[in-house]
Amino acid sequence: MPHTDQPALSEGTTDSDLATRPLDAEGLLQLIAQEYESLPRQLKRIASYMSQQRDRIMVDRISDIARECEVHPSAIVRFSQRLGFRGFSDMQALFREAYTHKATPVQNYQQRIRSLIANKSQKASSADLARDCIGATLSGIERLEQELDEAALERAVDLVVNAENIYVVGVRRSFAVADYLVYNLQHTNKRIHLVSGLGGSYREQMRSIRPGDLVIAISFTPYAKETQHCLRIAQHHQAKTLIITDSTLSPLAKRANSVLLVNEGSSFAFRSLSATLCLCQALFIAVAYRLELKMDEIHEQSGFED
(Lines of atoms letter the chains of each structure in order from A and count residues from 1; the text may use other names and numbers.)
(Lines give C-alpha, C1' and ligand atoms only; values in the text may rest on other atoms or scores of the structure.)
Protein backbone atom coordinates (compact mmCIF):
# COMPACT_ATOMS: atom_id res chain seq x y z
CA MET A 1 0.00 0.00 0.00
CA PRO A 2 1.48 3.40 -0.93
CA HIS A 3 2.41 5.78 1.85
CA THR A 4 0.04 8.67 2.52
CA ASP A 5 0.62 11.91 4.36
CA GLN A 6 -1.93 11.63 7.18
CA PRO A 7 -3.32 14.94 8.50
CA ALA A 8 -3.87 13.63 12.04
CA LEU A 9 -1.54 14.83 14.76
CA SER A 10 1.26 12.38 15.56
CA GLU A 11 2.34 11.59 19.12
CA GLY A 12 5.22 14.05 18.70
CA THR A 13 3.12 16.94 17.37
CA THR A 14 1.00 18.97 19.80
CA ASP A 15 -1.46 21.82 19.43
CA SER A 16 1.26 24.04 20.94
CA ASP A 17 3.66 23.00 18.14
CA LEU A 18 1.07 23.94 15.53
CA ALA A 19 0.54 27.33 17.15
CA THR A 20 4.25 28.19 17.01
CA ARG A 21 5.06 26.80 13.58
CA PRO A 22 6.43 29.17 10.89
CA LEU A 23 3.83 31.35 9.19
CA ASP A 24 5.48 31.57 5.76
CA ALA A 25 8.07 29.86 3.57
CA GLU A 26 10.88 32.24 4.51
CA GLY A 27 10.24 31.67 8.20
CA LEU A 28 10.29 27.93 7.59
CA LEU A 29 13.62 28.11 5.77
CA GLN A 30 15.08 30.15 8.65
CA LEU A 31 13.85 27.55 11.14
CA ILE A 32 15.39 24.76 9.06
CA ALA A 33 18.74 26.56 9.13
CA GLN A 34 18.50 27.01 12.92
CA GLU A 35 17.58 23.37 13.56
CA TYR A 36 19.90 21.80 10.97
CA GLU A 37 22.80 20.81 13.24
CA SER A 38 20.48 19.03 15.69
CA LEU A 39 18.78 16.91 13.01
CA PRO A 40 19.49 13.20 12.47
CA ARG A 41 21.35 12.34 9.25
CA GLN A 42 18.25 11.39 7.24
CA LEU A 43 16.43 14.56 8.22
CA LYS A 44 19.50 16.63 7.33
CA ARG A 45 19.19 15.33 3.76
CA ILE A 46 15.59 16.51 3.66
CA ALA A 47 16.54 19.88 5.18
CA SER A 48 19.23 20.38 2.52
CA TYR A 49 16.76 19.53 -0.25
CA MET A 50 14.21 22.01 1.14
CA SER A 51 16.85 24.73 1.26
CA GLN A 52 18.20 24.07 -2.24
CA GLN A 53 14.96 23.33 -4.10
CA ARG A 54 12.54 25.75 -2.46
CA ASP A 55 10.89 26.63 -5.78
CA ARG A 56 10.17 22.97 -6.53
CA ILE A 57 8.57 22.05 -3.22
CA MET A 58 5.12 23.33 -4.23
CA VAL A 59 4.96 20.82 -7.14
CA ASP A 60 7.01 17.98 -5.61
CA ARG A 61 5.24 14.88 -4.42
CA ILE A 62 6.35 13.29 -1.17
CA SER A 63 7.63 10.33 -3.22
CA ASP A 64 9.72 12.71 -5.38
CA ILE A 65 11.46 14.18 -2.35
CA ALA A 66 11.94 10.76 -0.77
CA ARG A 67 13.65 9.53 -3.94
CA GLU A 68 15.91 12.58 -4.22
CA CYS A 69 16.89 12.39 -0.53
CA GLU A 70 17.19 8.57 -0.52
CA VAL A 71 14.84 8.25 2.45
CA HIS A 72 11.46 6.64 3.10
CA PRO A 73 8.43 8.95 2.73
CA SER A 74 7.74 8.51 6.44
CA ALA A 75 10.99 10.39 7.15
CA ILE A 76 9.56 13.43 5.34
CA VAL A 77 6.42 13.25 7.48
CA ARG A 78 8.61 13.07 10.62
CA PHE A 79 10.60 16.06 9.36
CA SER A 80 7.41 18.07 8.84
CA GLN A 81 6.08 17.19 12.28
CA ARG A 82 9.38 18.04 13.93
CA LEU A 83 8.97 21.59 12.60
CA GLY A 84 5.43 21.87 13.97
CA PHE A 85 3.28 20.72 11.03
CA ARG A 86 0.66 17.98 10.88
CA GLY A 87 2.38 16.43 7.86
CA PHE A 88 4.09 17.13 4.55
CA SER A 89 1.07 18.60 2.77
CA ASP A 90 0.57 21.03 5.66
CA MET A 91 4.18 22.23 5.30
CA GLN A 92 3.98 22.25 1.49
CA ALA A 93 1.07 24.68 1.70
CA LEU A 94 3.48 27.43 2.85
CA PHE A 95 5.50 27.04 -0.35
CA ARG A 96 2.36 27.04 -2.47
CA GLU A 97 1.21 30.27 -0.82
CA ALA A 98 4.61 31.83 -1.47
CA TYR A 99 5.14 30.70 -5.06
CA THR A 100 1.69 30.12 -6.60
CA HIS A 101 1.69 33.63 -8.10
CA LYS A 102 4.80 32.90 -10.14
CA ALA A 103 5.53 29.86 -12.28
CA THR A 104 9.29 29.51 -12.07
CA PRO A 105 11.42 27.95 -14.83
CA VAL A 106 12.25 25.06 -12.49
CA GLN A 107 8.56 24.30 -11.90
CA ASN A 108 7.80 24.40 -15.62
CA TYR A 109 10.74 22.14 -16.35
CA GLN A 110 9.71 19.67 -13.62
CA GLN A 111 6.21 19.46 -15.08
CA ARG A 112 7.59 18.84 -18.60
CA ILE A 113 9.77 16.01 -17.33
CA ARG A 114 6.82 14.39 -15.52
CA SER A 115 4.70 14.58 -18.68
CA LEU A 116 7.49 13.03 -20.74
CA ILE A 117 7.93 10.14 -18.30
CA ALA A 118 4.16 9.60 -17.88
CA ASN A 119 3.49 9.50 -21.63
CA LYS A 120 4.63 5.93 -22.25
CA SER A 121 2.58 5.68 -25.46
CA GLN A 122 5.02 7.92 -27.31
CA LYS A 123 8.74 7.22 -27.33
CA ALA A 124 10.90 10.27 -26.73
CA SER A 125 13.15 11.25 -29.62
CA SER A 126 16.76 12.35 -29.26
CA ALA A 127 15.63 15.91 -29.97
CA ASP A 128 13.05 15.69 -27.16
CA LEU A 129 15.74 14.58 -24.74
CA ALA A 130 18.08 17.32 -25.96
CA ARG A 131 15.41 19.98 -25.41
CA ASP A 132 14.78 18.70 -21.89
CA CYS A 133 18.51 18.94 -21.20
CA ILE A 134 18.55 22.49 -22.59
CA GLY A 135 15.49 23.35 -20.51
CA ALA A 136 17.22 22.13 -17.35
CA THR A 137 20.25 24.26 -18.17
CA LEU A 138 18.13 27.37 -18.79
CA SER A 139 16.20 26.86 -15.56
CA GLY A 140 19.43 26.81 -13.56
CA ILE A 141 20.78 29.97 -15.19
CA GLU A 142 17.50 31.85 -14.78
CA ARG A 143 17.35 30.84 -11.12
CA LEU A 144 20.94 32.07 -10.67
CA GLU A 145 19.94 35.46 -12.08
CA GLN A 146 16.92 35.68 -9.79
CA GLU A 147 18.69 34.60 -6.60
CA LEU A 148 22.16 36.12 -7.04
CA ASP A 149 23.35 37.54 -3.71
CA GLU A 150 24.94 40.86 -4.63
CA ALA A 151 26.55 41.39 -1.21
CA ALA A 152 28.10 37.91 -1.25
CA LEU A 153 29.45 38.51 -4.76
CA GLU A 154 31.07 41.78 -3.66
CA ARG A 155 32.72 39.98 -0.72
CA ALA A 156 33.94 37.29 -3.10
CA VAL A 157 35.46 39.88 -5.44
CA ASP A 158 37.18 41.57 -2.47
CA LEU A 159 38.68 38.24 -1.41
CA VAL A 160 40.08 37.51 -4.86
CA VAL A 161 41.40 41.04 -5.41
CA ASN A 162 43.19 41.13 -2.03
CA ALA A 163 44.80 37.67 -2.26
CA GLU A 164 48.21 37.04 -3.82
CA ASN A 165 48.06 33.24 -3.71
CA ILE A 166 44.79 31.61 -4.72
CA TYR A 167 44.16 27.88 -4.41
CA VAL A 168 41.17 26.44 -6.30
CA VAL A 169 39.79 23.01 -5.44
CA GLY A 170 36.94 20.98 -6.93
CA VAL A 171 36.71 17.23 -7.40
CA ARG A 172 34.74 14.92 -9.68
CA ARG A 173 31.99 16.92 -11.47
CA SER A 174 33.27 20.14 -9.86
CA PHE A 175 36.80 19.65 -11.20
CA ALA A 176 35.88 21.02 -14.64
CA VAL A 177 34.59 24.21 -12.98
CA ALA A 178 37.73 24.55 -10.84
CA ASP A 179 39.96 24.16 -13.89
CA TYR A 180 37.93 26.74 -15.83
CA LEU A 181 38.14 29.24 -12.97
CA VAL A 182 41.90 28.69 -12.70
CA TYR A 183 42.23 29.36 -16.44
CA ASN A 184 40.40 32.68 -16.04
CA LEU A 185 42.29 33.80 -12.94
CA GLN A 186 45.63 33.05 -14.59
CA HIS A 187 45.02 36.14 -16.71
CA THR A 188 45.74 38.20 -13.59
CA ASN A 189 49.16 38.72 -12.01
CA LYS A 190 48.24 36.59 -9.03
CA ARG A 191 49.71 33.19 -8.25
CA ILE A 192 46.99 30.66 -9.03
CA HIS A 193 47.15 27.01 -7.94
CA LEU A 194 44.84 24.21 -9.09
CA VAL A 195 44.55 21.69 -6.26
CA SER A 196 44.11 18.59 -8.41
CA GLY A 197 45.00 16.00 -5.77
CA LEU A 198 46.94 14.05 -8.41
CA GLY A 199 48.09 10.83 -6.80
CA GLY A 200 46.18 11.71 -3.64
CA SER A 201 48.47 14.68 -2.93
CA TYR A 202 45.88 17.13 -1.57
CA ARG A 203 47.79 17.77 1.65
CA GLU A 204 51.07 18.26 -0.20
CA GLN A 205 49.53 20.73 -2.67
CA MET A 206 48.04 22.72 0.21
CA ARG A 207 51.07 22.70 2.52
CA SER A 208 52.43 26.11 1.46
CA ILE A 209 49.18 27.98 2.14
CA ARG A 210 49.53 30.92 4.54
CA PRO A 211 47.39 33.59 6.26
CA GLY A 212 46.16 36.05 3.66
CA ASP A 213 45.98 33.41 0.93
CA LEU A 214 42.61 32.42 -0.50
CA VAL A 215 41.06 29.01 -1.11
CA ILE A 216 38.16 28.83 -3.55
CA ALA A 217 36.30 25.56 -3.02
CA ILE A 218 33.56 24.29 -5.34
CA SER A 219 31.38 21.43 -4.14
CA PHE A 220 27.75 20.31 -4.23
CA THR A 221 25.75 17.73 -2.36
CA PRO A 222 26.92 15.21 -1.18
CA TYR A 223 29.98 17.48 -0.67
CA ALA A 224 33.31 15.85 -1.47
CA LYS A 225 35.36 14.79 1.53
CA GLU A 226 38.55 15.77 -0.30
CA THR A 227 37.30 19.35 -0.64
CA GLN A 228 36.31 19.47 3.01
CA HIS A 229 39.79 18.20 3.92
CA CYS A 230 41.41 21.02 1.93
CA LEU A 231 39.21 23.58 3.66
CA ARG A 232 40.20 22.30 7.08
CA ILE A 233 43.86 22.74 6.10
CA ALA A 234 43.13 26.28 4.88
CA GLN A 235 41.31 27.22 8.07
CA HIS A 236 44.08 25.69 10.22
CA HIS A 237 46.56 28.00 8.45
CA GLN A 238 44.17 30.97 8.79
CA ALA A 239 43.69 31.39 5.05
CA LYS A 240 40.55 33.03 3.64
CA THR A 241 37.87 30.86 2.07
CA LEU A 242 35.38 31.45 -0.74
CA ILE A 243 32.83 28.67 -1.22
CA ILE A 244 30.72 27.98 -4.31
CA THR A 245 28.03 25.53 -3.30
CA ASP A 246 24.29 24.80 -3.37
CA SER A 247 23.11 25.54 0.15
CA THR A 248 23.89 27.60 3.23
CA LEU A 249 23.49 24.28 5.07
CA SER A 250 26.50 22.87 3.22
CA PRO A 251 29.29 21.81 5.62
CA LEU A 252 31.66 23.84 3.44
CA ALA A 253 29.75 27.05 4.19
CA LYS A 254 30.60 26.99 7.90
CA ARG A 255 33.07 29.73 8.84
CA ALA A 256 33.55 30.65 5.16
CA ASN A 257 34.42 34.27 4.43
CA SER A 258 31.97 34.33 1.53
CA VAL A 259 29.51 31.84 0.06
CA LEU A 260 28.15 31.98 -3.50
CA LEU A 261 25.06 29.83 -3.99
CA VAL A 262 24.08 28.18 -7.26
CA ASN A 263 21.54 25.45 -7.95
CA GLU A 264 21.69 23.66 -11.27
CA GLY A 265 18.84 22.18 -13.25
CA SER A 266 19.00 18.44 -13.80
CA SER A 267 17.89 16.24 -16.67
CA PHE A 268 17.10 12.62 -15.79
CA ALA A 269 19.41 12.73 -12.73
CA PHE A 270 22.27 14.42 -14.66
CA ARG A 271 22.99 17.87 -13.29
CA SER A 272 24.12 20.66 -15.54
CA LEU A 273 27.24 22.72 -14.86
CA SER A 274 26.23 25.72 -16.95
CA ALA A 275 24.96 27.96 -14.14
CA THR A 276 28.09 27.26 -12.07
CA LEU A 277 30.36 28.07 -15.01
CA CYS A 278 28.36 31.24 -15.62
CA LEU A 279 28.77 32.28 -11.99
CA CYS A 280 32.55 31.69 -12.16
CA GLN A 281 32.80 33.70 -15.36
CA ALA A 282 30.81 36.53 -13.77
CA LEU A 283 33.12 36.44 -10.76
CA PHE A 284 36.20 36.72 -12.97
CA ILE A 285 34.72 39.58 -15.04
CA ALA A 286 33.97 41.49 -11.81
CA VAL A 287 37.54 40.84 -10.61
CA ALA A 288 39.02 41.91 -13.95
CA TYR A 289 36.97 45.12 -13.84
CA ARG A 290 38.11 45.86 -10.29
CA LEU A 291 41.76 45.22 -11.23
CA GLU A 292 41.34 47.35 -14.38
CA LEU A 293 42.78 44.61 -16.55
CA LYS A 294 43.31 45.62 -20.17
CA MET A 295 41.56 43.52 -22.80
CA ASP A 296 44.85 42.58 -24.46
CA GLU A 297 45.99 41.13 -21.12
CA ILE A 298 42.92 38.89 -20.98
CA HIS A 299 42.99 37.65 -24.57
CA GLU A 300 45.05 34.57 -25.28
CA GLN A 301 48.59 35.41 -26.26
CA SER A 302 49.72 34.36 -29.74
CA GLY A 303 53.00 32.59 -30.37
CA PHE A 304 52.05 28.97 -30.90
CA GLU A 305 51.88 27.82 -34.50
CA ASP A 306 49.97 24.74 -35.66
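First residue of the sequence shown? That's 96 in the numbering used here, and the numbers climb one at a time after it. Heads up, the beta-carbon is just placed ideally off N, CA and C, and yes, glycines get one too.
N-terminal and C-terminal residue of the beta strand (DSSP E) that residue i is part of
i	result
Ser260	Checking the sequence, you will find Asn at residue 260 rather than Ser. Asn260 -> beta strand (DSSP E) spans 260-264.
Ala312	309-313
Lys335	335-340
Val272	Counting along the chain, Val272 falls outside any beta strand (DSSP E), though it belongs to the alpha helix (DSSP H) covering 270-280.
Leu355	353-356
CB contact flag (residue i, residue j, <8 Å)
i	j	result
Leu289	Ala312	no
Val255	Leu326	no
His332	Ile287	no
Ala251	Leu189	no
Ala319	Arg267	yes
Glu165	Arg181	no
Thr322	Ala329	no
Met145	Ile157	no
Leu355	Leu276	no
Ser221	Gly265	no
Thr316	Ser133	no
Gln137	Ala170	yes
Arg236	Ser342	Contrary to the premise, residue 236 reads as Ile rather than Arg in this sequence. No, these two residues do not count as a Cβ contact at 8 Å.
Ser175	Asp185	yes
Closest by C-alpha distance to residue i, when choosing among the options
i	options	result
Gly307	Ile127, Ala128, Ser369, Glu259	Glu259
Met153	Gln147, Pro135, Pro168, Gln187	Gln187
Asp244	Val263, Ala128, Asn358	Asn358
Ala383	Ser342, Asp253, Gln330, His324	Asp253
Met301	Ala271, Gly230, Ala334, Gln281	Ala334
Cys375	Asn352, Ile339, Leu386	Ile339
Glu387	His282, Pro346, Arg238, Glu163	His282
Glu163	Pro117, Gln147, Gln176	Gln147
Met122	Ala161, Ile160, Pro135, Gly179	In the sequence as displayed, the identity of residue 122 is Gly instead of Met. Cα-wise, what sits closest to Gly122 is Gly179.
Ala246	Pro117, Ser353, Leu233, Phe270	Ser353
Ser296	Arg350, Phe379, Asp159, His324	His324
Gln125	Thr232, Ala225, Leu344	Leu344
Asp155	Pro346, Leu378, Phe183	Phe183
Leu372	Ser175, Ala271, Ile229, Arg191	Ala271
Leu378	Ala351, Tyr278, Ala348	Tyr278
Ile380	Arg238, Arg149, Ala161, Leu280	Leu280
Lys349	Glu299, Arg173, Tyr131, Lys218	Tyr131
Arg177	Ala351, Pro135, Ala193	Pro135
Ile261	Arg149, Arg385, Lys285, Leu239	Lys285
Bounding residues of the alpha helix (DSSP H) (the contiguous stretch that carries residue i)
i	result
His288	Here His288 belongs to no alpha helix (DSSP H); instead the beta strand (DSSP E) covers 286-290.
Val256	245-257
Gly235	221-242
Ser367	First-last for Ser367: undefined, no H or E at that position.
Thr421	Summary: the structure shown does not reach residue 421, with the chain confined to residues 96 through 401, and so no result is reported for it.
Gln148	First-last for Gln148: undefined, no H or E at that position.
Gly122	120-130
Arg305	Arg305 -> no alpha helix (DSSP H), and no H or E assigned at all.
Ile157	157-164
Ala170	168-177
Glu359	Careful: Glu359 lies outside any alpha helix (DSSP H) and carries neither H nor E.
Arg298	297-301
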